[in-house]
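Here the protein sequences come in this chain order: A and B. Under our numbering, the first sequence has 40 at position 40, and the numbering climbs by one with no breaks. In our numbering, each number is its position in the second sequence, counted from 1, plus 1000. Every residue gets a Cβ at the ideal spot worked out from N, C-alpha and C, and that includes glycine.
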Amino acid sequence: MNIQTRRGPQRSLAAAMAGAMAVALMGQIPLAFSQQKSAADGIAEYRAMIADGNPAELFEAKGEGLWQQKRGPKNVSLEQCDLGKGPGVVKGAFVELPRWFADTGRVQDLESRLLTCMERLQGFDPVAIARTSFGKDEQNTLEALSAWISAESKGMKFNLPQVHPQERRQFEIGKRAFFYRGGPYDFACASCHGEPGKRIRLQDLPDLTTNPGDGIGFAAWPAYRVSNGEMWSMQRRLNDCFRQQRFPYPGYASDVTVALGVYMGVNAKGAQSIAPALKR
Amino acid sequence: MIFDQPKAVANETQTRRRRVAGHWRWPLCIALVAIGAGCASTAPAPDYDALTDQMMLASFREEGIAKLDRLQQDQANAACSKVQGGRLSDEQASAIQQAAQKSVRMPADGNFIGDWRKGETLAQSGRGMTWTDKSAAPSANGGTCYNCHQISRTEISYGTIGPSLYQYGKLRGVKDPTDPNARGIIEYTWTKLWNAKAYNACSGMPRFGHAGVLDEGQLKDLMALILDPKSPVNQ
Chain A
1 MNIQTRRGPQ RSLAAAMAGA MAVALMGQIP LAFSQQKSAA DGIAEYRAMI
51 ADGNPAELFE AKGEGLWQQK RGPKNVSLEQ CDLGKGPGVV KGAFVELPRW
101 FADTGRVQDL ESRLLTCMER LQGFDPVAIA RTSFGKDEQN TLEALSAWIS
151 AESKGMKFNL PQVHPQERRQ FEIGKRAFFY RGGPYDFACA SCHGEPGKRI
201 RLQDLPDLTT NPGDGIGFAA WPAYRVSNGE MWSMQRRLND CFRQQRFPYP
251 GYASDVTVAL GVYMGVNAKG AQSIAPALKR
Chain B
1001 MIFDQPKAVA NETQTRRRRV AGHWRWPLCI ALVAIGAGCA STAPAPDYDA
1051 LTDQMMLASF REEGIAKLDR LQQDQANAAC SKVQGGRLSD EQASAIQQAA
1101 QKSVRMPADG NFIGDWRKGE TLAQSGRGMT WTDKSAAPSA NGGTCYNCHQ
1151 ISRTEISYGT IGPSLYQYGK LRGVKDPTDP NARGIIEYTW TKLWNAKAYN
1201 ACSGMPRFGH AGVLDEGQLK DLMALILDPK SPVNQ
């Protein structure tokens, strides 16, 4: 969410409305939004209206195609990519990430793992892709792949492994990163996501120090964002959180982003994934 | 950044040597003895705080006005991060609060109250200090106040991370901000805006004056918004 510009309820709801029109819904859109109604209520109504038409589905279809397509310098598909449950197994992989991978000796989240597969199977340069801006070139590939791979675990419950010592270590470090205050505003992730029942402007904030519930917080990303018409992966979500935290720029798939994924993912144990979700 | 394997691997070995427990211990001990690393009979927990600091430094890069020095923590931020939302010891809290109080600069001309209209505009603006902002000068920054606080009655899009400031001055009986009787609440509020850690060591509020986010004139306008009896906030 962009909290930097003023977002009155009228404006954010207007954006939601415009989005609803844009996906060509039939019939009358109820205009009975009272000012007392919370943004969450409005968004929930909007979600229900377009439940059968989440634009994320377009990205899912694109992602599935990219998984199967022979690409890169080696002209190979990603069908032998191991997302943690064996080469080529996609179903159920998303709700167990980040996890430890013996072949890289690292704990990896979905996108960091996809980079590894794009490097090793297809011959892409992972450093160049990590440096590419969101929404450009191979970053678009990663966002589409994330959409499809997360969709293959839709409705499943998060169950990150905490078996390998490195997985437990990343949880401990991720927790500390979550509470790490810094920057000109002294903000940490916990400044906004450390308590239940809080909001910024009208935007409800999930408490990520615990399980915030099915389809909330970690269990809702990647997501299609109506306000800017983009598909956002978890990496992009975290990147914009750090921007608004007034921190420097987190490297794509950098250690801090993976460790935070472990912390939030383990906290979300048992939460049902709705990714790729629909956000305002 | 993502492929700094040599350092990571070195750290892993160190950490693993200290962390191994239970059924991990003996195979690893044997392996480590074999490469001459030795093996302690006890396995103390790794220094997660130090590992976190290392990870933070390795994970970020500078972008625009957001330089890497933003990761450096002063005493207050380091201590408040470490307790992970819990309480500091009384001694620690009091040391941080005293240092924060000393950092406060009262207005040079002795006048604390500016223009509430400008204050409202500032309070509405959430802009400033991100890597997409061009300038870090106070003139480029908003107060981000409504992100976290209710302030005026008419603005219903307010956050709830901080307490409501609606009728802030009125509820505290401020009828004339220049009255010596109001001096206590005026100075308290100025101090809170300048360095919120002066009264609450781990306050979640930015230190607007101390961090150079807002200048004296802007702080006076925010003071007016919540303390001027003419401000809509106090109607």
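CB-CB under 6 Å to residue i, same chain, minus the five flanking residues each way: which ones, in chain order?
i               : result
Q139 (chain A)  : T132
V262 (chain A)  : P98, Q170, F171 and G174
A1100 (chain B) : N1195, K1197 and A1198
G217 (chain A)  : P206 and L208
P212 (chain A)  : P206
G194 (chain A)  : T209
F134 (chain A)  : R236
F1208 (chain B) : L1193 and L1214
E119 (chain A)  : P126
Y185 (chain A)  : R246
P73 (chain A)   : G123
Y1168 (chain B) : I1226
In chain A, what lies closer than 8 Å to residue i by C-beta?
i               : result
D1112 (chain B) : Reading the sequence as shown, one finds Phe at residue 1112 (chain B) and not Asp. Here the premise fails: no neighbours, minimum Cβ distance about 23 Å.
R1207 (chain B) : D186
Within the same chain, show all residues whose beta-carbon is closer than 8 Å to that of residue i, passing over the 5 residues directly before and after it, in chain order.
i               : result
W1190 (chain B) : V1104, M1106, P1107, F1112, L1219 and M1223
A32 (chain A)   : Unreliable positioning characterises A32 (chain A) in this predicted model, as indicated by a pLDDT of 40, which lies under 50. A coordinate reading is not provided.
Q10 (chain A)   : In this prediction, Q10 (chain A) has a pLDDT of 42, which is less than 50 and means its spatial position is unreliable; what the coordinates show is noted afterwards. Correct list: empty, nothing qualifies.
A1140 (chain B) : R1127, G1128, D1133 and K1134
D1176 (chain B) : A1182 and P1229
Y1146 (chain B) : A1123, Q1124, G1126, E1155, S1157, Y1158 and G1159
M1205 (chain B) : C1148, G1162, K1192 and A1196
Y1166 (chain B) : Q1150, I1151, S1152, R1153 and V1233
Would residue i and residue j be called neighbours here (beta carbons separated by less than 8 Å)?
i               : j               : result
L260 (chain A)  : A144 (chain A)  : no
W221 (chain A)  : A275 (chain A)  : yes
D1215 (chain B) : G1119 (chain B) : no
I1151 (chain B) : A1123 (chain B) : yes
F179 (chain A)  : R1070 (chain B) : no
F158 (chain A)  : A219 (chain A)  : yes
R225 (chain A)  : K279 (chain A)  : yes
A271 (chain A)  : D214 (chain A)  : yes
E167 (chain A)  : V107 (chain A)  : yes
C1080 (chain B) : R201 (chain A)  : no
L1088 (chain B) : C1202 (chain B) : yes
Note down, in chain order, every chain B residue with its Cβ under 7 Å from the Cβ of residue i.
i              : result
E172 (chain A) : Y1048
V256 (chain A) : M1055, M1056 and S1059
Just the C-alpha distance for residue i and residue j, rounded to the nearest angstrom, thanks.
i               : j               : result
A1078 (chain B) : P1046 (chain B) : 19 Å
I1226 (chain B) : F94 (chain A)   : 48 Å
E152 (chain A)  : Q68 (chain A)   : 15 Å
E1091 (chain B) : K1082 (chain B) : 15 Å
Q80 (chain A)   : R236 (chain A)  : 26 Å
N75 (chain A)   : A277 (chain A)  : 32 Å
D103 (chain A)  : V266 (chain A)  : 22 Å
G1184 (chain B) : T1144 (chain B) : 25 Å
R176 (chain A)  : L238 (chain A)  : 16 Å
P161 (chain A)  : S77 (chain A)   : 27 Å
G63 (chain A)   : T141 (chain A)  : 7 Å
Q203 (chain A)  : S227 (chain A)  : 13 Å
A1137 (chain B) : K70 (chain A)   : 50 Å
H164 (chain A)  : V258 (chain A)  : 15 Å
K198 (chain A)  : D1074 (chain B) : 27 Å
E287 (chain A)  : P87 (chain A)   : This structure cannot speak to residue 287 (chain A), because chain A is shown only from 1 to 280.
A1066 (chain B) : M234 (chain A)  : 22 Å
P196 (chain A)  : L110 (chain A)  : 27 Å
T1121 (chain B) : K1170 (chain B) : 21 Å
P1180 (chain B) : A1058 (chain B) : 53 Å
N54 (chain A)   : Y1048 (chain B) : 41 Å
G1110 (chain B) : E1187 (chain B) : 11 Å
In chain B, which residues lie less than 9 Å from residue i when you measure between Cβ atoms?
i              : result
D125 (chain A) : Under the 9 Å cutoff, chain B gives no residues; its nearest Cβ is about 11 Å from D125 (chain A).
Y180 (chain A) : T1052, D1053, M1056, L1071, Q1073, N1077 and S1081
P212 (chain A) : Neighbours of P212 (chain A) on chain B: none; closest Cβ ~16 Å, over 9 Å.
L202 (chain A) : I1156, S1157, Y1158 and G1159
I want to verify the contact list: residues of chain A whose CB lies under 7 Å from the CB of residue i, in sequence order.
i               : result
L1051 (chain B) : I173
K1067 (chain B) : P248
Spatial neighbours of residue i within its chain, please: CB distance less than 7 Å, with the 5 preceding and 5 following residues excluded, ordered by chain position.
i               : result
G92 (chain A)   : K85, S153 and M156
L1068 (chain B) : F1060 and E1062
E230 (chain A)  : G135
Check the Cβ of residue i against every Cβ in chain B and list those closer than 8 Å, keeping chain order.
i              : result
S191 (chain A) : I1161 and G1204
R99 (chain A)  : What R99 (chain A) touches in chain B: nothing, since even the nearest Cβ is about 16 Å away.
* Taking 8 Å as the threshold, find out whether the segment 1087 to 1101 of chain B comes into contact with the segment 1114 to 1123 of chain B through three or more Cβ pairs. => no
* Meets three-Cβ-pair contact criterion under 8 Å: the segment 235 to 255 of chain A and the segment 109 to 129 of chain A -> yes
* Counting pairs of beta carbons, one from the segment 52 to 63 of chain A and one from the segment 144 to 153 of chain A, are three or more of them closer than 8 Å? -> yes
* Three or more C-beta pairs below 8 Å linking the segment 183 to 203 of chain A and the segment 119 to 130 of chain A -> no
* Indicate whether the contact test is met: 3 or more Cβ pairs, each with one atom in the segment 1126 to 1137 of chain B and one in the segment 243 to 250 of chain A, closer than 8 Å. => yes
* Asked: Just checking, does the segment 1207 to 1214 of chain B make contact with the segment 1159 to 1176 of chain B on the three C-beta pairs under 8 Å criterion?
  -> no
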